[in-house]
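Asks: This is the structure I have questions about; it appears just below.
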Amino acid sequence: MLKRTHMRIMTLMCYAVISFSICTIQKAVAQSEPSTQMTLKDAYKDKFYIGTALNAWQLMGNKPSEMHIAQSQFNSIVAENVMKSGRIQAKEGEFNFELADKFVEFGEQNNMHIHGHTLIWHSQAPRWFFTDQQGNLVSKEVLTERMKTHIFTVVGRYKGRIDSWDVVNEAIEDDGSYRNSKFYQILGEDFIKLAFKFAHQADPDAELYYNDYSMAIPSKRNGVVKMVKKLKDEGIPIHGIGMQGHIGLNHPDIKEFDKSLEAYSQLGKVMITELELSVLPSPWGDAGAELSDTYTYEDKMNPFPNGLPEDVQRQFTQRYVEFFKLFLKHSDHISRVALWGINDGNSWKNNWPVRGRTDYPLLFDRDNQAKPVVKELIELVR
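In mature numbering (1 follows the signal peptide of the UniProt record, and there is no 0), the protein residues as written are -30 to -1, 1 to 352.
This is the structure in structure tokens:
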């Protein structure tokens, strides 16, 4: 009887030792492997804000799973379209803030950094902004007053609630010259100065940014630096530069992107805005983001309608990692890195520059599942 009891005790002790060893090994493995609970916003919280763009469908409550990703993975938001002048003031004096209000409220409820996009932009401005009742271009005085009214009304409504604004969007061409927009035709380069002055007057505490695409092109870089330096020398409150991140597998040259980050950081803070990585071919090679440019659909322009091959997926991951390494290198000057959408299905790249294509440019797939690149980006800062 004693012998049998002794054997039972020895057996229990062995089980205890084995269980302890297994627990110890599991704990060590857990400590060495990345936590599945780690999110992008947690990983980069000491570096810069990680943002995403929200669209109208999401803000109207039609995409709750996508909004959950916004809440869990990101700590900054920007409105994709609902704050642009054509949406907010389609008719003179008639402001529609329904979705813009929902956007700001969502950010406030989730303690997020909120970025306003955009106050002055030629592409989605309402036509009435520039013309009189006869269809003729208005005078400098009229356009100035319309700009002031719009900016004071929009920025004033969200004073103290929106942290930063894209005040002027895409005013410089790739060759460094001023874009010949209606704003420029009527007011010359002074329209940029006026926009920043009005925005600062409407909310003195908001950070104000100039935002543009193809910002790694040397000639464009030089043009933007020249413009911003001139305005800052005149005392115009420009706090930073937004570099749109419409990148592809082969463009832009990451070395030139690095040079631009260096140059723009000398002027103030830098934001990486509208970031996505298209894996599809461009009709023009290295494409920017000029919305008026379109291209006829061809099968060769839509090579992956049913999913990405493994080798392309690897290239996609590697390219994102390369850029985030660059962002971390300049993290002392970068205040925000913002993805232009939550998942592949709601990316504008599915329809531009060729309509009807299937692209895969974002960090979450069409089923709202994190791609392998998310783990890699988290590992960069662990």
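Yeah, the Cβ is synthetic: ideal placement off N, Cα and C, and Gly gets one too. Just so you know, these numbers come straight off a predicted model, no measurement behind them.
Can you tell me the Cα-Cα spacing of T119 and S55, whole angstroms?
Replies: Counting from one through the sequence shown, the residue named residue 119 turns up at place 149. Counting from one through the sequence shown, the residue named residue 55 turns up at place 85. Looking at the two C-alpha atoms, the distance is approximately 12 Å.
Asks: So does the segment 82 to 92 actually touch the segment 34 to 53, counting three or more Cβ pairs closer than 8 Å?
Replies: At 8 Å Cβ cutoff, the stretches touch.
Asks: Around the Cβ of Q28, are there at least 16 other Cβ atoms within 10 angstroms (buried) or fewer (exposed)?
Replies: On the sequence shown, residue 28 is found 58 positions in, with the first residue counted as 1. So Q28 counts as buried.
Asks: Between the Cα of Q41 and those of W135, V343, K17 and T9, spot the shortest distance and give me the residue it belongs to.
Replies: Within the sequence shown, residue 41 is the residue found at index 71, counting from 1. Selected option, being the one with the closest Cα: T9.
Asks: Just list the beta strand (DSSP E) runs in the segment 154 to 240, keeping only unbroken ones of 3 residues or longer that don't cross its boundaries, in chain order.
Replies: Counting whole runs of 3 or more residues, the segment 154 to 240 contains the beta strand (DSSP E) stretches 177 to 182 and 210 to 218.
Asks: Bridge partners of Y148, per DSSP?
Replies: Sequence index remark: in the sequence shown, residue 148 carries index 178 (1-based). DSSP output for Y148 lists I142 as bridge partner(s).
Asks: For V194 and P275, I'd like the C-alpha separation in whole angstroms.
Replies: Along the sequence shown, one-based indexing puts residue 194 at 224. Along the sequence shown, one-based indexing puts residue 275 at 305. Approximately 38 Å, taken between the alpha carbons.
Asks: Starting from L69, trace the beta strand (DSSP E) in both directions and tell me its first and last residue.
Replies: Within the sequence shown, residue 69 is the residue found at index 99, counting from 1. From DSSP, L69 is part of no beta strand (DSSP E) but of the alpha helix (DSSP H) over E68 to Q79.
Asks: Would you mind sorting K163 into buried or exposed? The rule is 16 or more other CB atoms within 10 Å of its CB.
Replies: The count along the sequence shown starts at 1 and reaches residue 163 at position 193. Result: buried.
Asks: According to DSSP, F334 sits in a beta bridge with which residue or residues?
Replies: Here the question's residue 334 lines up with position 364 in the sequence shown. F334 is bridged to N313 and A340.
Asks: Got a sec? Which residues, its chain only, sit under 8 Å from E246 by beta carbon, not counting five neighbours each side?
Replies: The residue labelled residue 246 in the question sits at position 276 within the sequence shown. Closer than 8 Å at the Cβ level, and outside the excluded window around E246, lie G215, H216, I217, L309, W310, G311, S317, K319, P331 and L332.
Asks: I'd like to confirm the pairing. Which residues does DSSP put opposite E64 in its beta bridges?
Replies: The count along the sequence shown starts at 1 and reaches residue 64 at position 94. Note: E64 sits in a beta bridge opposite K61.
Asks: Counting C-beta neighbours from all protein chains within 10 Å, is the total for E349 16 or more, i.e. buried, or is it exposed?
Replies: In the sequence shown, the residue the question calls residue 349 occupies position 379. Label assigned to E349: exposed.
Asks: With DSSP as the reference, label G31 as helix, strand or coil.
Replies: Taking the first residue of the sequence shown as position 1, residue 31 is located at position 61. Here G31 sits in coil by DSSP.
Asks: Write down the C-beta distance between G326 and Y267 rounded to the nearest angstrom, noting that I regard them as a contact closer than 8 Å.
Replies: On the sequence shown, position 356 is the one that residue 326 refers to. On the sequence shown, position 297 is the one that residue 267 refers to. With a Cβ gap of about 5 Å, G326 and Y267 count as contacting.
Asks: Are the Cβ atoms of V74 and Y128 separated by less than 8 Å?
Replies: The residue given as residue 74 occupies position 104 in the sequence shown. The residue given as residue 128 occupies position 158 in the sequence shown. Yes, these two residues count as a Cβ contact at 8 Å.
Asks: Is the beta carbon of F100 sitting closer than 8 Å to the one on L113?
Replies: In the sequence shown, the residue the question calls residue 100 occupies position 130. In the sequence shown, the residue the question calls residue 113 occupies position 143. Yes, the Cβ-Cβ distance between F100 and L113 is below 8 Å.
Asks: State the CB to CB distance for the pair L250 and M271, rounded to an integer number of angstroms; the pair is presumed to be in contact (CB under 8 Å).
Replies: Reading the sequence shown from its first residue, position 280 is the one you call residue 250. Reading the sequence shown from its first residue, position 301 is the one you call residue 271. Indeed, because the Cβ distance is near 7 Å, the residues count as touching under 8 Å.
Asks: Using only the alpha-carbon positions, how far apart do R57 and M117 sit?
Replies: Here the question's residue 57 lines up with position 87 in the sequence shown. Here the question's residue 117 lines up with position 147 in the sequence shown. Going from the Cα of R57 to the Cα of M117 covers about 15 Å.
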